[in-house]
Each structure stands twice: as C-alpha cells, then as structure tokens.
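Working notes, structure below.
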Amino acid sequence: MVGIGFRKDFAEDFLNGNELAPFFIEVAPENWMNVGGFWKKKLKKALEKYPLYTHGLSLSIGSPDPLDFSFLKQVKSFLNETNAQIYSEHLSYSKCDNAHLYDLLPIPFTQEAVKHVAQKIQQAQDFLERKIAIEIVSYYTPIAPEMNELDFVNAVLTEAKCDLLLDVNNIYVNSFNHQYDPYRFIDELNIKNTAYIHMAGHRKVANDLIIDTHGEAIIDPVYDLFEYTMKKLKKDVPVLLERDFNIPELTELQTEMNHLQSIKNNVLNPVRYAVA
Amino acid sequence: MQLLNSTQQNQSAFANYCRTGKYSPIKGVIEKRAEHYRSLVYNIIDDTMQSALPLTFNLLTIEEWDRFVNDFFCQHNCRTAQLWRLPLEVHEFVISSNYYLQKKYPFFAELLWFEWLEVELFMMDDKPASFSLSGHILNNPLVINPEFHLQYFSYPIHTKVANDIKKEDKNHHFLALHREPESGKVLFTQLSPLLARMLEILGEGPRSINELLTITEKNKKTKEGVICFFENAIQSKLILGYKN
Numbered sequence: 003m004v005g006i007g008f009r010k011d012f013a014e015d016f017l018n019g020n021e022l023a024p025f026f027i028e029v030a031p032e033n034w035m036n037v038g039g040f041w042k043k044k045l046k047k048a049l050e051k052y053p054l055y056t057h058g059l060s061l062s063i064g065s066p067d068p069l070d071f072s073f074l075k076q077v078k079s080f081l082n083e084t085n086a087q088i089y090s091e092h093l094s095y096s097k098c099d100n101a102h103l104y105d106l107l108p109i110p111f112t113q114e115a116v117k118h119v120a121q122k123i124q125q126a127q128d129f130l131e132r133k134i135a136i137e138i139v140s141y142y143t144p145i146a147p148e149m150n151e152l153d154f155v156n157a158v159l160t161e162a163k164c165d166l167l168l169d170v171n172n173i174y175v176n177s178f179n180h181q182y183d184p185y186r187f188i189d190e191l192n193i194k195n196t197a198y199i200h201m202a203g204h205r206k207v208a209n210d211l212i213i214d215t216h217g218e219a220i221i222d223p224v225y226d227l228f229e230y231t232m233k234k235l236k237k238d239v240p241v242l243l244e245r246d247f248n249i250p251e252l253t254e255l256q257t258e259m260n261h262l263q264s265i266k267n268n269v270l271n272p273v274r275y276a277v278a
Numbered sequence: 195m196q197l198l199n200s201t202q203q204n205q206s207a208f209a210n211y212c213r214t215g216k217y218s219p220i221k222g223v224i225e226k227r228a229e230h231y232r233s234l235v236y237n238i239i240d241d242t243m244q245s246a247l248p249l250t251f252n253l254l255t256i257e258e259w260d261r262f263v264n265d266f267f268c269q270h271n272c273r274t275a276q277l278w279r280l281p282l283e284v285h286e287f288v289i290s291s292n293y294y295l296q297k298k299y300p301f302f303a304e305l306l307w308f309e310w311l312e313v314e315l316f317m318m319d320d321k322p323a324s325f326s327l328s329g330h331i332l333n334n335p336l337v338i339n340p341e342f343h344l345q346y347f348s349y350p351i352h353t354k355v356a357n358d359i360k361k362e363d364k365n366h367h368f369l370a371l372h373r374e375p376e377s378g379k380v381l382f383t384q385l386s387p388l389l390a391r392m393l394e395i396l397g398e399g400p401r402s403i404n405e406l407l408t409i410t411e412k413n414k415k416t417k418e419g420v421i422c423f424f425e426n427a428i429q430s431k432l433i434l435g436y437k438n
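Chain order of the listed sequences is F and H.
When we follow my numbering, the leftmost residue of the first sequence carries the number 3, and every step to the right adds one.
When we follow my numbering, the leftmost residue of the second sequence carries the number 195, and every step to the right adds one.
Next up, the structure:
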C-alpha cells in the first residue's frame with residue numbers, strides 16, 4: 003500500500019481526475035478538524051474513496067510543557083469521525099513556554115528527555131485509546147546532547163511502548179548532516195513496531211547540510227535505503243509519499259508511488275526463476 | 195514527570211531564539227545551523243499572515259510589515275494549534291498591546307478583524323439550519339443563514355482600498371458576511387442601519403418582514419426597499435428560506 007498526503011494545493015485536480023491512484027490519503031488533523039464549508043466537502047469526498055491515515059503537527063510530544071488535553075480531545079473526535087487508520091506524530095517539540103512555533107524543533111538527547119517524552123506518549127496513547135506511531139524527525143543541530151540519536155530514539159520507543167513511523171528520508175538526511183552510516187542506523191534501530199513509513203524528497207543547501215523540504219522528488223540513495231529497510235522489515239507496511247511544496251504534475255507523483263510499490267513488491271514477493 | 199531544569203532550559207532557550215532571532219550560546223547547538231530553524235519558523239508565521247491578511251499586507255510598507263510580523267511572533271505567545279486561526283491572535287495582539295501602527299492607521303484593528311472574519315466564516319464548522327424554500331415573502335418568518343456575521347465598522351474597510359481610507363471616512367458602516375452554502379464562498383452585503391437591525395432580530399429567531407417592519411416601526415414607503423433587500427438576500431443565501 004502506497005498513499006499520498008492530501009494537500010489543498012492539488013485537492014481539486016486529485017478529486018476530479020484519475021492521474022493519482024493512492025491506496026490511502028494522509029492529512030494533519032490540525033488542518034482539517036472543526037473545519038466546515040468548502041474544505042469539509044472536499045475531505046468528505048476524498049474519504050468516500052480512500053482510507054485515512056493521519057500525521058499530527060502540533061501535539062509537541064517533546065515539549066517541556068504538559069500535554070494539551072483539550073487539543074487531544076479534538077484530535078480524538080476527528081480520528082473517530084474519519085475512521086482514521088493511524089495517528090502519527092513527531093519526536094520533536096513545536097510548543098514551548100506556552101507558545102506554539104509551528105515547526106519541529108529537536109529534543110535534547112538526554113535521559114531526562116527520554117523519561118519525559120515516553121511518559122507523555124503513554125499519556126496521549128491512553129487518552130486516545132490507540133497507539134501513536136512516532137516519527138524520527140530530521141534535525142540540523144543537536145541541543146545539549148548527552149547520548150547519541152540512535153540510543154535516544156531506541157530508549158523512547160522501548161519506554162513509551164509506541165509504534166514507529168519510519169521516515170526513511172529523515173534517516174538519510176540526518177546521516178548526511180551528522181555524518182553517520184544510515185544503513186547501520188537502520189540495522190541498530192528498534193524497527194520491530196514499525197507501523198508506517200514516510201518517503202520524501204529534500205534539498206541540499208550546503209556541502210554539509212540537507213534540509214528536509216518535501217519539495218523535491220525522492221532521490222535514488224533514498225530509494226536504495228528504502229529497499230534495504232523493506233528487506234529488514236520483511237513485512238508489508240503502508241508507505242506514504244510526502245510532497246508538500248513545489249507540487250509537480252500529478253502523473254509525476256503517481257510515477258514515484260509506482261516506484262515505491264514496485265520496490266515493496268520486489269522485496270516482499272520476489273520473482274523466483276526455475277532452474278533448468 | 196517534569197524535565198530537569200537543564201533540559202528544559204535548553205529547549206526554552208532554543209525556542210526563544212527561534213521566536214526572536216536573538217542567539218545566546220546553547221550547549222551543543224551549531225549556531226549556523228540553528229539559523230535554519232529561525233528561518234523556517236519565521237517563514238511559517240510570515241507566510242500564514244501574508245496569506246490570511248492580504249489587505250493588511252498591501253497596506254503596510256515592507257519595513258512596517260516585517261516589524262509587525264516580528265513583533266507579533268516575539269511578543270505574543272501563540273496559543274492556537276491550528277495555524278488558520280492565527281489571524282484572530284494577531285488581532286488580539288494589536289488590541290492588547292495598543293500596537294503603534296494604530297496611530298498611523300486608525301482603522302488598523304478593524305481591517306485585521308475584517309480579514310479574520312472572512313477567514314473564520316470560510317473555515318468554521320458547518321452550522322445546520324432547518325428551513326423551507328417555499329413561503330410568502332411578507333408573511334412567512336424568514337430563516338437567516340446561521341453561517342453569518344453582522345459587523346459594525348467605524349471605517350469603510352469593505353468598500354475602500356485600505357491605502358485610500360482617511361480619518362474623515364469615520365462614520366457608521368454596517369456589514370453582513372455570510373457563507374454561501376453550495377460554494378462555501380464568503381459574501382459581503384453592505385447594510386443600512388435599519389437592515390442591520392432587522393438582521394440582528396433575525397439572528398435571534400425567524401420573523402416575517404411584516405413583523406420586522408412593525409418591530410422597527412417603519413412605514414409603507416420603506417416596505418418596498420426592505421422587500422427588495424430580502425429578495426436579494428434569499429438569492430445570495432444570506433436568508434436561507436422560510437420557517438418550516
């Protein structure tokens with residue numbers, strides 16, 4: 003199964019045409035909950051055809067601030083009303099000192115943060131009465147780290163008993179920006195509870211820095227890492243193509259989705275040739 | 195469990211840098227790369243405000259706009275988790291801080307409020323209404339579209355380009371905004387004080403035109419104009435129909 007992020011930028015063409023044929027769509031609950039009128043009609047039309055996966059932006063699970071339960075209550079209603087198959091969020095913080103920043107800031111890799119974040123994930127899971135798939139985010143600078151990224155992520159996954167959203171592009175971006183081997187990272191990452199995979203493009207802005215833009219096509223090294231990941235996983239996990247900016251013709255997105263599906267098929271159902 | 199001070203302080207310092215652009219060294223942070231976070235975060239706020247507040251953006255000089263965005267983001271703690279609701283907080287910030295641009299542009303807060311109302315009406319959740327399409331224009335109680343807003347302004351921000359509004363334009367301006375049910379578009383209707391009062395009454399519950407005329411004590415001469423207005427309002431779906 004390969005899905006696509008349902009973007010307002012191409013909603014009309016997507017719903018009225020047949021260039022794009024995803025297995026599912028993904029939205030951020032924040033952008034659609036408590037919304038009526040024009041966009042509610044569009045979402046309703048999309049949900050008549052496709053199952054929904056969700057990817058939150060504002061829960062700020064890594065924030066020093068406590069969870070916002072009134073926000074979570076709205077998310078829960080939205081997930082139930084739309085029969086969302088998955089709720090995922092970011093291992094980052096986007097709110098601090100009672101102020102939203104609307105982007106994904108890196109959590110300090112510390113033991114204290116592990117305990118704090120894991121507890122918040124558990125609280126959120128209990129409240130929502132469902133598992134959350136947590137995504138390892140791209141980051142460009144560490145903040146006061148006391149452990150490495152891999153140990154931090156594995157510790158959170160173990161303590162929080164949550165699922166993993168494995169963004170393969172993010173692993174590639176982080177490995178480039180922080181100079182480690184992405185294949186070894188995948189080898190050592192606790193991928194047992196991988197419930198969802200994200201794939202996207204990025205932009206290299208300097209010789210030593212890539213920004214995770216979701217505004218370009220997926221590059222071959224990321225496809226290669228995806229294939230490697232699928233071989234490690236050995237199971238069919240839903241994959242999402244993320245494209246948030248610089249939207250191309252929908253046929254180009256379908257080509258990328260076909261490529262992802264074919265890699266999955268080849269790994270999970272390899273063609274066996276008879277030996278003469 | 196609460197975070198120990200050091201982790202919390204580092205997160206707070208980093209977030210504060212992203213909001214203000216003023217960097218003080220934070221353990222482990224690569225300053226040059228931290229700048230990307232500041233740009234990403236600032237651009238989200240700037241883009242959201244430009245897109246939701248196009249009239250205000252066109253009114254201000256580039257310097258005024260940049261300072262406005264920066265002041266808002268530095269000084270205001272954004273509470274909403276939903277970015278589309280940010281214009282409401284921008285308006286709150288201008289009022290609560292008695293923002294300096296209100297001196298140069300006395301209609302500044304009204305313009306922001308007007309732009310927020312349009313966003314809110316376009317985005318807000320659906321409000322159901324029960325009505326019939328058949329009825330007598332004079333005698334049957336009219337059902338107003340519940341997705342509407344009645345607003346009084348001191349300046350003609352809905353009829354004049356913001357740059358052309360002068361202090362002398364200060365007067366009484368009434369406006370109805372409503373969401374057209376089929377297209378979801380927000381439509382604007384300029385109102386006389388009498389029609390504004392009639393819509394206000396309809397906002398409390400269905401009434402016939404005859405009842406409205408009696409309540410507002412208007413004579414036969416006014417009646418034709420009122421009927422014409424409500425016939426048009428039915429066409430535009432400001433009035434949805436008649437009470438069942």
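Every residue gets a Cβ at the ideal spot worked out from N, C-alpha and C, and that includes glycine.
These figures come from a predicted structure and were not determined experimentally.
Query raised in the report: Excluding five sequence neighbours on each side, which residues of the same chain lie with their C-beta closer than 8 Å to the C-beta of H:ASN339?
Result: The sequence position of residue 339 of chain H within the second sequence is 145, counting from 1. Counting only Cβ-Cβ distances below 8 Å, and skipping sequence neighbours, we find ALA323, HIS372, ARG373, PRO375, LYS431, LEU432, ILE433, LEU434.
Query raised in the report: Which residues, taken in chain order from the stretch 175 to 189 of chain F, show a beta carbon closer than 9 Å to some beta carbon of chain H?
Result: ASN179
Query raised in the report: Hey, quick one: how far does the alpha helix (DSSP H) through H:ILE428 stretch, first residue to last?
Result: For the purposes of this step, residue 428 of chain H is taken as residue 234 along the second sequence, with counting starting at 1. Run containing H:ILE428: 414 to 430, per the alpha helix (DSSP H) assignment.
Report task. Mind the definition here: the stretch 93 to 110 of chain F touches the stretch 201 to 217 of chain H only if three or more C-beta pairs lie below 8 Å; say whether that holds. Result -> yes
Report task. Using 10 angstroms around the beta-carbon of F:SER94, count the other beta-carbons present and answer buried if the total reaches 16, otherwise exposed. Result -> Stepping through the first sequence from its first residue, residue 94 of chain F is reached at position 92. It counts as buried.
Report task. Please compile the residues from chain H whose C-beta is within a distance smaller than 9 Å of the C-beta of F:GLU28. Result -> Within the first sequence, residue 28 of chain F is the residue found at index 26, counting from 1. Those do not exist, as F:GLU28 stays about 17 Å from chain H at its closest Cβ, beyond 9 Å.
**Report entry** Contact list for H:ASN438 against chain F, beta-carbon separation under 7 Å
**Finding:** Position 244 of the second sequence, counting from 1, holds the residue named residue 438 of chain H. Per Cβ cutoff of 7 Å: no residues; H:ASN438 is ~22 Å from chain F at best.
**Report entry** Cβ pair F:ILE123, F:CYS164 closer than 8 Å
**Finding:** What you label residue 123 of chain F is simply residue 121 of the first sequence in a count that begins at 1. What you label residue 164 of chain F is simply residue 162 of the first sequence in a count that begins at 1. In contact: F:ILE123 and F:CYS164 (Cβ atoms closer than 8 Å).
Query - Contacts of F:GLY217 in chain H (Cβ-Cβ under 9 Å) - result: Position 215 of the first sequence, counted from the start, is the residue given in the question as residue 217 of chain F. What F:GLY217 touches in chain H: nothing, since even the nearest Cβ is about 12 Å away.
Requested in this report: Assign H:VAL380 to buried or exposed, taking buried as 16 or more other Cβ atoms, counted over all protein chains shown, within 10 Å of its Cβ.
Outcome: Within the second sequence, the letter at position 186 stands for residue 380 of chain H. Buried is the call here.
Query raised in the report: When DSSP labels each residue in this structure, what does F:GLY5 get in the three-state scheme?
Result: By 1-based counting over the first sequence, the position of residue 5 of chain F is 3. The answer is strand: DSSP assigns F:GLY5 an E or B state.
Query raised in the report: How many whole angstroms separate the CB atoms of H:CYS272 and F:ALA101, which I take to be in contact at a CB cut-off of 8 Å?
Result: Position 78 of the second sequence, counted from the start, is the residue given in the question as residue 272 of chain H. Position 99 of the first sequence, counted from the start, is the residue given in the question as residue 101 of chain F. Rounded, the Cβ-Cβ distance is 5 Å, consistent with contact.
Query raised in the report: Can you tell which of F:LYS266, F:LYS75, F:ASN33 has the C-alpha that lies nearest to the C-alpha of F:THR56?
Result: Taking the first sequence and counting its residues from 1, one reaches residue 56 of chain F at position 54. Minimum Cα distance to F:THR56 is reached at F:ASN33.
Requested in this report: Could you confirm whether any beta carbon from chain F is found closer than 8 Å to the beta carbon of H:ILE409?
Outcome: Working through the second sequence from its first residue, we reach residue 409 of chain H at position 215. It does not: the Cβ of H:ILE409 has no partner Cβ on chain F nearer than 8 Å.
Query raised in the report: For chain H, is any of its Cβ atoms less than 8 Å away from the one on F:GLY19?
Result: Numbered from its first residue, the first sequence carries residue 19 of chain F at position 17. Not one chain H Cβ lies under 8 Å of F:GLY19.
Requested in this report: Identify the contact partners of H:SER200 in chain F, using a Cβ-Cβ distance below 9 Å as the criterion.
Outcome: Within the second sequence, residue 200 of chain H is the residue found at index 6, counting from 1. Residues of chain F passing the Cβ test: PRO110, THR112, GLU114, ALA146.
Requested in this report: Spell out a yes or no on whether the stretch 209 to 219 of chain H and the stretch 227 to 241 of chain H are touching, meaning 3 or more CB-CB pairs, one atom from each, closer than 8 Å.
Outcome: yes
Query raised in the report: Since F:ASP105 is in the beta strand (DSSP E), which residue starts that stretch and which ends it?
Result: Position 103 of the first sequence, counting from 1, holds the residue named residue 105 of chain F. First-last of the beta strand (DSSP E) with F:ASP105: 101 to 107.
Query - 6 Å CB neighbourhood of F:GLY7 in its chain, flanking five on each side removed - result: The residue given as residue 7 of chain F occupies position 5 in the first sequence. Answer for F:GLY7: GLU28, GLU244, listed in chain order.
Query raised in the report: Should F:LEU107 be flagged as near chain H, meaning a C-beta pair shorter than 8 Å?
Result: Counted from its first residue, the first sequence places residue 107 of chain F at position 105. Closer than 8 Å: yes.
**Report entry** DSSP bridge partner residues for F:GLU244 (one or two, in chain order)
**Finding:** Walking along the first sequence from the start, residue 244 of chain F turns up at place 242. According to DSSP, F:GLU244 bridges with F:ALA202.
Query - Amino acids of chain H, ordered along the chain, whose beta-carbon sits closer than 9 Å to that of F:ILE213 - result: Residue mapping note: residue 213 of chain F aligns to position 211 of the first sequence, counting from 1. Per Cβ cutoff of 9 Å: HIS230, LEU234.
Query - Boundaries (first-last residue) of the alpha helix (DSSP H) holding H:GLU398 - result: As a working mapping, residue 398 of chain H is identified with position 204 in the second sequence. First-last of the alpha helix (DSSP H) with H:GLU398: 387 to 398.
Query raised in the report: Which partner residues does F:ILE212 have in the DSSP bridge list?
Result: Walking along the first sequence from the start, residue 212 of chain F turns up at place 210. Beta-bridge pairing links F:ILE212 to F:LYS206.
Requested in this report: For the stretch 312 to 323 of chain H, enumerate the residues whose C-beta is nearer than 7 Å to any C-beta of chain B, in chain order.
Outcome: Given the protein chain composition of this structure (F and H), no chain B is represented.
Query raised in the report: Are H:LEU305 and H:ILE351 touching if we call contact CB-CB under 8 Å?
Result: Position 111 of the second sequence, counted from the start, is the residue given in the question as residue 305 of chain H. Position 157 of the second sequence, counted from the start, is the residue given in the question as residue 351 of chain H. The answer is yes: Cβ separation under 8 Å.
Query raised in the report: Three or more beta-carbon pairs under 8 Å between the stretch 66 to 79 of chain F and the stretch 212 to 232 of chain F, yes or no?
Result: no
Query raised in the report: So which residues on chain H does F:THR143 lean against when the C-beta distance must stay under 7 Å?
Result: Residue mapping note: residue 143 of chain F aligns to position 141 of the first sequence, counting from 1. Residues of chain H passing the Cβ test: VAL223, ILE224, ARG227, ALA228.
Query raised in the report: According to DSSP, which residues form a beta bridge with H:ASP358?
Result: What you label residue 358 of chain H is simply residue 164 of the second sequence in a count that begins at 1. According to DSSP, H:ASP358 bridges with nothing at all.
Query raised in the report: Which word fits H:PRO248, buried or exposed, when buried means at least 16 other C-beta atoms lie within 10 angstroms of its C-beta?
Result: By one-based count along the second sequence, residue 248 of chain H stands at place 54. Exposed, by the Cβ-count rule.
**Report entry** Expected contact under 8 Å - CB spacing of H:LEU344 and H:ALA370 to nearest Å
**Finding:** Working through the second sequence from its first residue, we reach residue 344 of chain H at position 150. Working through the second sequence from its first residue, we reach residue 370 of chain H at position 176. About 6 Å; that satisfies the 8 Å criterion.
Requested in this report: For H:ASP345, write down the residues that DSSP places opposite it in a beta bridge.
Outcome: Position 151 of the second sequence, counting from 1, holds the residue named residue 345 of chain H. Per the sequence presented here, residue 345 of chain H reads as Gln, with Asp not at that position. Note: H:GLN345 sits in a beta bridge opposite H:LEU369.
Query raised in the report: Between which two residues does the beta strand (DSSP E) containing H:GLY435 stretch?
Result: As a first step, residue 435 of chain H is located in the second sequence; it is residue number 241 there, counting from the start. Looking at the DSSP string, the run of the beta strand (DSSP E) that includes H:GLY435 is 433 to 436.
Requested in this report: With a 10 Å radius around its C-beta and 16 neighbouring C-beta atoms as the bar for buried, classify F:ASP169 as buried or exposed.
Outcome: Position 167 of the first sequence holds residue 169 of chain F. So F:ASP169 counts as buried.
Query - Whole-number beta carbon distance between F:TYR182 and H:LEU277, since they are thought to touch under 8 Å - result: On the second sequence, residue 277 of chain H is found 83 positions in, with the first residue counted as 1. On the first sequence, residue 182 of chain F is found 180 positions in, with the first residue counted as 1. That belief does not hold up - the Cβ atoms of H:LEU277 and F:TYR182 are roughly 33 Å apart, past 8 Å.
Query raised in the report: Hey, which unbroken runs of the alpha helix (DSSP H) at 4 residues or more fall wholly within the stretch 229 to 291 of chain H?
Result: 248 to 253, 256 to 269, 280 to 290
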